[in-house]
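In the numbering used here, the protein residues as written are 2 to 153. Don't be surprised by glycine CBs; every beta carbon is placed ideally from N, CA and C.
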Amino acid sequence: MTDLVLSVDVRAPAGTVWLALTDWARQGEWMLGTEVEVVEGNGRSVGSRLSAFTGVAGIGFTDTMEITSWEPPVRCAVRHLGSFVQGTGVFQVVPKGATRSTFVWAEHLRLPFGPLGRLSWPVVRPAFALGVRQSLRRFARFAENYSVGGDE
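Right, here's the structure in full:
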């Protein structure tokens, strides 16, 4: 198992950041190469399931997740159910006053490919973290301009 915890400051109130974060259908607007859809439940309660495809030109992998904790507007935890991605993730919004927040993304993952995955992680991790950091910067801009149902 390996942990990855990254965060980004957002110039928006916690409630807005939460709504932007949990707008699953629009996650592709900020998460690099990823499209998410709710496949079971309403996407806003424990037991709901999400399917996230990450890849380019149809080549990639699907990460199926089940929401295990739903605490609006501050915390959502998921369990990764796929054969490729396994473990847990937590999305947390930390209020920093009336107009600022910090979004924290934490993953506790079982690396794929057994011993080969564990051996290659030190090489892969920096690129993976770089992609997540870039997505988090994109998320901050997305959340700062977020409107429900909008494409701004």
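What's the call for residue i, buried or exposed, on a 16-neighbour Cβ count within 10 Å?
i, result
"Asp2", "A quick correction: the sequence has Met, not Asp, at residue 2. The residue is exposed, with fewer than 16 neighbouring Cβ atoms inside 10 Å."
"Val125", "exposed"
"Ala141", "buried"
"Gln93", "buried"
"Glu41", "exposed"
"Phe33", "According to the sequence as given, residue 33 is Leu; it is not Phe. With fewer than 16 other Cβ atoms within 10 Å, it is exposed."
"Gly90", "buried"
"Leu117", "exposed"
"Gln28", "buried"
"Val57", "exposed"
Comparing C-alpha positions only, which one of the options sits nearest to residue i?
i, options, result
"Phe85", "Val94, Met66, Val9, Pro73", "Met66"
"Gly83", "Ser148, Leu110, Thr17", "Leu110"
"Ser46", "Ser136, Glu72, Arg101, Gly98", "Glu72"
"Gly61", "Ala78, Phe114, Gly16, Glu36", "Glu36"
"Val79", "Leu20, Ala107, Leu137", "Ala107"
"Val133", "Leu20, Arg12, Thr55, Asn43", "Thr55"
"Val149", "Asp10, Leu7, Thr17, Arg12", "Thr17"
For residue i, which residues from the same chain have a beta carbon less than 8 Å from its beta carbon, with the 5 sequence-adjacent residues on both sides left out?
i, result
"Trp122", "Thr3, Leu112"
Near residue i, which residues of its chain fall below 7 Å by C-beta distance, leaving aside the five closest residues on each side in sequence?
i, result
"Glu30", "Phe143"
"Glu153", "In this prediction, Glu153 has a pLDDT of 44, which is less than 50 and means its spatial position is unreliable; what the coordinates show is noted afterwards. Correct list, in chain order: Asn146."
"Val39", "Trp25, Ser49, Leu51"
"Ala99", "Pro14"
"Arg139", "Trp31"
Our contact map puts residue i next to residue j with C-beta atoms below 8 Å; I'd like the distance itself, whole angstroms only.
i, j, result
"Ala53", "Thr63", "7 Å"
"Leu20", "Phe104", "With a Cβ gap of about 12 Å, Leu20 and Phe104 do not count as contacting."
"Leu137", "Leu7", "6 Å"
Using a Cβ-Cβ cut-off of 6 Å (strictly less than) and excluding sequence neighbours within five positions of residue i, which residues of its own chain qualify?
i, result
"Ala15", "Pro74, Val94, Pro96, Ser102"
"Gly88", "His81, His109, Leu110, Arg111"
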